[in-house]
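Data block below; observations after.
Numbering (my numbering), first residue to last: 8 to 139.
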């Protein structure tokens with residue numbers, strides 16, 4: 008891998024995952040295979056998430072919507088934290104999750120809202136205010 012991908016991986020990981028609670032996927036992968044963890048991280052964080060076609064907040068809203076519909080709550084919690092880190096507002100994230108009811112159903116939306124509420128509560132952002 009090039010030095011450029013290495014630096015983009017480090018920059019993007021710092022932007023998205025600073026102060027994120029819970030086990031980060033990279034740490035899980037590394038516990039099984041350091042080389043594979045490095046390769047996955049370089050691709051996902053250093054190449055995919057570092058792309059500039061979509062702004063970081065939009066990219067995270069796409070991840071939130073996808074993970075909500077798939078009901079992948081552990082990953083959803085991680086990406087909701089990352090979404091806040093890159094500038095998504097709590098009401099925007101709630102709206103993204105509400106939108107998923109059309110495609111994933113109300114039960115998936117409800118589960119997503121519960122995860123969002125937990126993340127916001129953990130960060131002292133719950134309950135939402137009129138400005139939030």
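For each residue, glycine too, the CB sits at the ideal point set by N, CA and C.
Nearest by alpha-carbon distance to residue i: which of the options is it?
i	options	result
residue 118	72, 134 and 64	72
residue 10	68, 53 and 43	53
residue 45	29, 28, 30 and 12	12
residue 102	78, 69, 59 and 57	69
residue 22	88, 60, 83 and 36	88
Measuring CB to CB, does residue i end up less than 9 angstroms from residue j?
i	j	result
residue 74	residue 97	no
residue 85	residue 134	no
residue 63	residue 94	yes
residue 137	residue 28	no
residue 60	residue 107	no
With DSSP collapsed to three states, give me the class of residue i.
i	result
residue 130	coil
residue 53	helix
residue 93	coil
residue 60	coil
residue 42	helix
residue 77	helix
May I have the straight-line CA-CA distance separating residue i from residue j, to the nearest angstrom?
i	j	result
residue 50	residue 100	26 angstroms
residue 16	residue 110	32 angstroms
residue 104	residue 41	34 angstroms
residue 82	residue 36	14 angstroms
residue 131	residue 39	34 angstroms
For chain D, is any of its Cβ atoms less than 9 angstroms away from the one on residue i?
i	result
residue 99	In the structure shown, chain D cannot be found, because there is only a single protein chain.
Using a 10 Å radius around the Cβ and a threshold of 16 neighbouring Cβ atoms, would you call residue i buried or exposed?
i	result
residue 58	exposed
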